[in-house]
Amino acid sequence: MKKPFLALTALLATQALAADIMNPADLRRVTKARERLVPAVAKEFGPKARFIHLFGQGRVMLAGVVAEIPEQPLGTDELPLLAIVQYDEVTGAVRVVDRAFKYREARSVGQDVALLDGEGNLRLREANSRERLLARGVGGDLFPTAKGDALVATLQTSTSHKHETSVGIIDLKGQVKVLADGPGVDATPSISPDGRTVIFVSGRTTVASFYVTDVDGAEPRQLTNVGLENWMLFGGPPKEFVPPPVSSHHMEWLSNDVLRYNAGGGAFWTLNVRTGAAAPDLGGDK
3 MKKPFLALTA LLATQALAAD IMNPADLRRV TKARERLVPA VAKEFGPKAR FIHLFGQGRV
63 MLAGVVAEIP EQPLGTDELP LLAIVQYDEV TGAVRVVDRA FKYREARSVG QDVALLDGEG
123 NLRLREANSR ERLLARGVGG DLFPTAKGDA LVATLQTSTS HKHETSVGII DLKGQVKVLA
183 DGPGVDATPS ISPDGRTVIF VSGRTTVASF YVTDVDGAEP RQLTNVGLEN WMLFGGPPKE
243 FVPPPVSSHH MEWLSNDVLR YNAGGGAFWT LNVRTGAAAP DLGGDK
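The numbering used here applies: residue 3 is where the sequence shown begins, and numbers increase by one.
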């Protein structure tokens, strides 16, 4: 069965990804996306503009565009704001959703588009072009349910401490429910196709690890890197170390039990969210 497309980071560094460890099918799709998006973005936004992210899975995705690549490297908290375009993988069509450079992220939610601005305000732009506020204090990592009736996201729990975050679910009425809030960072959530299981990454043990909870907010259970501590990674991670995902935009569910994600540099892993079993995924369509 052909796997659904996993949204991939498309920075200029995309062409320098470790192609030798990428699934051949993934590599072809990333290359195809670049071939379609690069000229369309230049035409719509000018020659200095670049698309740097693809958000979402399936045929129609959203892409984030920067006005130009900064000359100096930026810190994680200083990422440039994005304009948003829509990309149809089948037809290659590219359509501008919002040309203002003011968004952190965007995701399709059913027929609507969720837009997160630089102030942490999450808005829903409906198919009829009406727009309404869903939530404030949203940190990012938007991941919609398969039904398109809600999103899981990272929530900013403190305005003074950017690295104190929680994981929550936001429905289309704007109701926010916190699902996990441990010490430090709880982030990068994703929700299973049946809308029940929520996985996320936490640093509560000092090593970024996958945890699992559910939409009722059950006590989170650690899935990966159990027993590891930060000092054990000095000099290189041990063989049992499972890397975290690049972001929630780099995740896809192969079933209600198995998640596939990009761990960076083109390396994909699969994770069983019931057992915690994880392994590199180097297979795929040749």
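Ideal Cβ positions, reconstructed from N, Cα and C, are used throughout, including at glycine.
Please read these numbers as outputs of a predicted model, since none were measured by experiment.
Suppose contacts are defined by Cβ-Cβ distances below 8 angstroms. Is G205 in contact with V187 by that definition? Contact: yes.
Tell me the rounded alpha-carbon separation between P247 and F47. 30 angstroms
Just grab the DSSP bridge partners of E107 for me. L118
How many angstroms separate the CA atom of K50 from the CA atom of Y105? A straight-line Cα-Cα distance of about 18 angstroms links K50 and Y105.
Along the chain, which unbroken stretches of the beta strand (DSSP E) at least 3 residues long are found entirely within the segment 40-87? Whole beta strand (DSSP E) segments, 3+ residues: 52-57 and 62-68.
Would you grab the beta carbon distance between R52 and V67 for me? Rounded to a whole angstrom, and I think it's under 8 angstroms. 7 angstroms
So, for A281: in the same chain, excluding its five sequence neighbours on each side, which residues have a beta-carbon less than 7 angstroms away from its beta-carbon? Only W271 and T272 meet the Cβ criterion.
By Cβ distance, which residues of its chain are closer than 7 angstroms to R127, with the 5 residues on each side in sequence left out? Here the set comprises D114, V115, L117 and E133.
Identify the residues that DSSP records as bridge partners of S168: which are they? L157
According to the Cβ coordinates, are R159 and S249 closer than 8 angstroms? Arg is not the amino acid found at residue 159; the sequence shown has Thr there. No, the pair does not count as a contact, with Cβ atoms beyond the cut-off.
Report the three-state DSSP secondary structure of A182 (helix, strand or coil). strand
Own chain partners of D143 with C-beta closer than 7 angstroms, once the 5 adjacent residues on each side are dropped: A155, T156, A189, T190, P191, S249 and S250
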